[in-house]
Amino acid sequence: MVESSDDKESLGDHASKQGRIEAIDADENVTLVNDQDDVDKDMFYVNILGGEEVFAKAGQNKNVVDITTEELTLAQVLEALKTLKPKLQAEFDEEERLKRERAEKEQEANIALIETWDDILEKIDVDH
Numbered sequence: 001m002v003e004s005s006d007d008k009e010s011l012g013d014h015a016s017k018q019g020r021i022e023a024i025d026a027d028e029n030v031t032l033v034n035d036q037d038d039v040d041k042d043m044f045y046v047n048i049l050g051g052e053e054v055f056a057k058a059g060q061n062k063n064v065v066d067i068t069t070e071e072l073t074l075a076q077v078l079e080a081l082k083t084l085k086p087k088l089q090a091e092f093d094e095e096e097r098l099k100r101e102r103a104e105k106e107q108e109a110n111i112a113l114i115e116t117w118d119d120i121l122e123k124i125d126v127d128h
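Mind the numbering: the sequence shown is residues 1 to 128 in the UniProt record's numbering, read in order.
Right, dumping it as structure tokens:
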């Protein structure tokens, strides 16, 4: 059995890092990636070229596109807006339909009440 201490001081320098993984895992827009595997691959494939030297010509590649997190966020926001607009329109249309139905029912109730009062007033006039 492994015992864990609730004492934060026993965590030493790593005490400030506790809870960060849970916060990152809770965020749906964040994906954790293990970047340590690449370090191992680079280390173990050191002699893959058999000791030959390789030179690459420096130049500009016009097909390279730099994508920043801001651009990805903008793309995500635009996609969200595209899907959100029809949903909001549908909600708005539903609210308007319900308002019209309530107004029609209220008008029908008012008409019925007026007709009832008219009938009562006619009976009163006849009796007097």
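The beta-carbon is built from N, C-alpha and C at its ideal position, and this holds for glycine as well.
Give the straight-line distance between the Cα atoms of residue i and residue j, rounded to the nearest whole angstrom.
{"i": "K99", "j": "A90", "result": "14 Å"}
{"i": "Q107", "j": "K123", "result": "24 Å"}
{"i": "N110", "j": "A80", "result": "44 Å"}
{"i": "W117", "j": "L88", "result": "43 Å"}
{"i": "T83", "j": "F92", "result": "15 Å"}
{"i": "K105", "j": "P86", "result": "28 Å"}
{"i": "D127", "j": "E95", "result": "48 Å"}
{"i": "E28", "j": "A112", "result": "55 Å"}
{"i": "R97", "j": "E115", "result": "27 Å"}
{"i": "V120", "j": "A103", "result": "The sequence given here places Ile at residue 120; Val does not occur at that position. Straight-line Cα distance between these residues: approximately 26 Å."}
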